[in-house]
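Participant: Numbering (this note's numbering), first residue to last: 179 to 282.
This is the structure:
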């Protein structure tokens with residue numbers, strides 16, 4: 179797929195942006211529609227530029243597909259409770275606690 183986009187239009191071009199919507203006005207993510215979990219979601223795309231300057235979209239992964247790129251997850255997955263996601267429902271990142279979210 180040759181990509182010809184400017185600015186932030188790449189999300190709309192690849193159908194992965196929260197602001198990009200289907201004809202039924204549902205947000206699109208990962209080439210499908212689902213309820214938004216926030217204003218942004220994680221995703222990684224790889225592009226290749228040939229000798230003529232044409233840019234090709236060669237790879238993308240979204241949501242749980244990017245786990246393999248976060249080394250910390252590999253260590254957590256070795257522990258008895260792993261990421262402790264058993265009771266997290268539909269939010270796979272609910273186990274994350276930021277520094278100001280811990281109870282004293």
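We put the beta carbon where it would ideally sit given N, CA and C, even for glycine. As the structure is a prediction and not an experimental result, all values here were calculated from the model.
Under DSSP, the beta strand (DSSP E) around residue 221 begins and ends at which residues?
Facilitator: Counting along the chain, the beta strand (DSSP E) containing residue 221 begins and ends at 221–227.
Participant: To the nearest angstrom, how far is the alpha carbon of residue 228 from that of residue 237?
Facilitator: Spanning the two alpha carbons is a distance of roughly 15 Å.
Participant: In the DSSP output, what is residue 147 paired with across the bridge?
Facilitator: For residue 147 there is no data in the structure shown, the boundaries of the chain being 179 and 282.
Participant: Return the CA-CA distance between residue 200 and residue 241, expressed in angstroms with no decimal places.
Facilitator: Its pLDDT being 49, under 50, residue 200 is placed unreliably in this model, and the value from its coordinates should be taken loosely. Each residue's Cα considered, the two are about 19 Å apart.
Participant: Please check the pair residue 247 and residue 222, which I expect to be a contact at CB under 8 Å, by giving their CB distance rounded to whole angstroms.
Facilitator: Right, the Cβ-Cβ distance comes to about 7 Å (below 8 Å), so this counts as a contact.
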